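Colleague: In our numbering, the protein residues as written are 4 to 302. Glycine included, each C-beta is placed from N, C-alpha and C at the ideal position. Bear in mind that the values here come from a model prediction, so they are computed numbers and not experimental data.
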Ligand SMILES: Cc1cc2nc3c(=O)[nH]c(=O)nc-3n(C[C@H](O)[C@H](O)[C@H](O)COP(=O)(O)OP(=O)(O)OC[C@H]3O[C@@H](n4cnc5c(N)ncnc54)[C@H](O)[C@@H]3O)c2cc1C
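#1: Give the range of the beta strand (DSSP E) segment to which residue 82 is assigned.
#2: In terms of DSSP beta bridges, what is residue 26 paired with?
#3: May I ask you to verify whether the segment 167-186 touches the segment 130-139, counting CB pairs closer than 8 angstroms and requiring at least 3?
#4: Work out the CA separation of residue 37 and residue 124 for me, nearest whole Å.
#5: Given a threshold of 16 other Cβ atoms within 10 Å of its Cβ, counted over all protein chains shown, does residue 219 qualify as buried or as exposed?
#6: Residue 210: beta carbon under 6 angstroms from a heavy atom of ligand 1?
#7: Candidates 99, 72, 111 and 40: which alpha carbon is nearest residue 87's?
#8: Please classify residue 216 as buried or exposed, where buried requires at least 16 neighbouring CB atoms within 10 angstroms.
#9: Residue 152 bridges to which residues according to DSSP?
#10: Taking all protein chains shown into account, decide if residue 301 is buried (16 or more other Cβ within 10 angstroms of its Cβ) or exposed.
#11: If you measure from the CB of residue 297, is any heavy atom of ligand 1 nearer than 6 angstroms?
#12: Residue 245 and residue 233: beta carbons closer than 7 angstroms?
#13: Would you call the segment 158-167 in contact with the segment 197-208, where contact means no fewer than 3 C-beta pairs closer than 8 angstroms?
#14: So, for residue 33: in the same chain, excluding its five sequence neighbours on each side, which residues have a beta-carbon less than 6 angstroms away from its beta-carbon?
#15: With H, G and I counted as helix, E and B as strand and the rest as coil, what does DSSP make of residue 69?
#16: Output the boundary residues of the beta strand (DSSP E) element that contains residue 224.
#17: Would you tell me roughly how many angstroms separate the C-alpha atoms of residue 258 and residue 236, rounded to the nearest one?
#18: Taking only three categories from DSSP, how would you classify residue 253?
#19: Under three-state DSSP, which class holds residue 74?
#20: Could you give the residue range of the beta strand (DSSP E) that holds residue 242?
#21: Would you say residue 273 and residue 252 are within 7 angstroms of each other, going by their C-beta atoms?
#22: In the DSSP assignment, find the alpha helix (DSSP H) that holds residue 270 and state where it starts and stops.
#23: With 16 other CB atoms within 10 Å as the buried threshold, where does residue 15 fall?
#24: So does residue 70 have its beta carbon nearer than 6 angstroms to some heavy atom of ligand 1?
#25: Closest to residue 284 by CA distance: which of 260, 239, 249 and 267 is it?
#26: Measure the C-alpha to C-alpha separation of residue 90 and residue 107 and round it to an integer number of angstroms.
#27: Could you tell me if the beta carbon of residue 259 falls within a distance shorter than 6 angstroms of some heavy atom in ligand 1?
#28: Residue 225 and residue 145: beta carbons closer than 7 angstroms?
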């Protein structure tokens, strides 16, 4: 089944039965049949075409910081982008970043070049690709405010360039969440600023995160999207759910908007906890909580 993939990617960049718990910040998730570490856009294009021809399911991941992988793992090929595609090019007030770069590295480079607009991204532990797909954001900033073009590969392996209008950004959503797109690079326009001011803002955001978020425990950040006019953390506190546990999955005692893995949580523990919270929010407050974390893998 995977013979043709072996012809494209050398053995040292393939892993069989790779535990996805090692590739997610939640530290849960069963094995992927095959994990592939492509090194170029052309390799990804070939991979997609081959998977399609041979009817092999595939999925791309970045740094796994917004992913909950089920315990049975993923049947098919996981294309891991967060290990390569790390090109970064800066010209005046524009940055072109490939999808595998860490957001924290991108925002630090922008600051070093006296470019403002990515301060919000410094503490988000994802890749540029994952951030585009999720329209990641914090502290009044989000990716859609700086992106001017994105290149992505479609299901046929063809490369397309998207304008901001075509990317249809919404709160933690984009067109790339539909239709198996693989984001390979992003062009951003920033504004000139003073390096000290930019770095001071980044330090302040980092301080706020350390103060408010359980950064010392495995999690995927905010577990639910924010419904209009509702702060999820305070809502869960009001419901008495802060610290509530199923197995080793716990509503964080530091920030009730996070679910943390206390050590031995399974994906099922986390899913059960999500469903428990959703059920109570609906029953008691008529509020629909939609997971922000992307749940994948065999049911
Ligand atoms: C402690 C902590 C704090 C966080 N704080 C924030 C925050 O303040 N704001 C915020 O928005 N998020 C936050 N997050 C969530 C997460 O970091 C972001 O959503 C991030 O953008 C995900 O990037 P990633 O590379 O880890 O994506 P992954 O988790 O690997 O993937 C997320 C989704 O994007 C898809 N994807 C990833 N890369 C690509 C690609 N190149 N092409 C196509 N699809 C792709 C995956 O298939 C998946 O559906 C936080 C997470 C943690 C653990």
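Modeller: Reading off the structure:
#1: Run containing residue 82: 77-83, per the beta strand (DSSP E) assignment.
#2: DSSP lists no partner for residue 26.
#3: yes
#4: Taking the CA atoms as reference points, residue 124 sits about 31 angstroms from residue 37.
#5: With fewer than 16 other Cβ atoms within 10 Å, it is exposed.
#6: no
#7: 40
#8: buried
#9: DSSP output for residue 152 lists 190 as bridge partner(s).
#10: exposed
#11: Checking the Cβ of residue 297 against ligand 1 gives yes.
#12: no
#13: At 8 angstroms Cβ cutoff, the stretches do not touch.
#14: 74, 75 and 76.
#15: coil
#16: 222-225
#17: 6 angstroms
#18: strand
#19: coil
#20: No beta strand (DSSP E) contains residue 242, which DSSP labels as neither H nor E.
#21: yes
#22: 270-288
#23: The Cβ neighbour count for residue 15, taken over all protein chains shown within 10 Å, is under 16; the residue is labelled exposed.
#24: yes
#25: 239
#26: Rounded to whole angstroms, residue 90 to residue 107 spans 14 angstroms at the Cα level.
#27: no
#28: no
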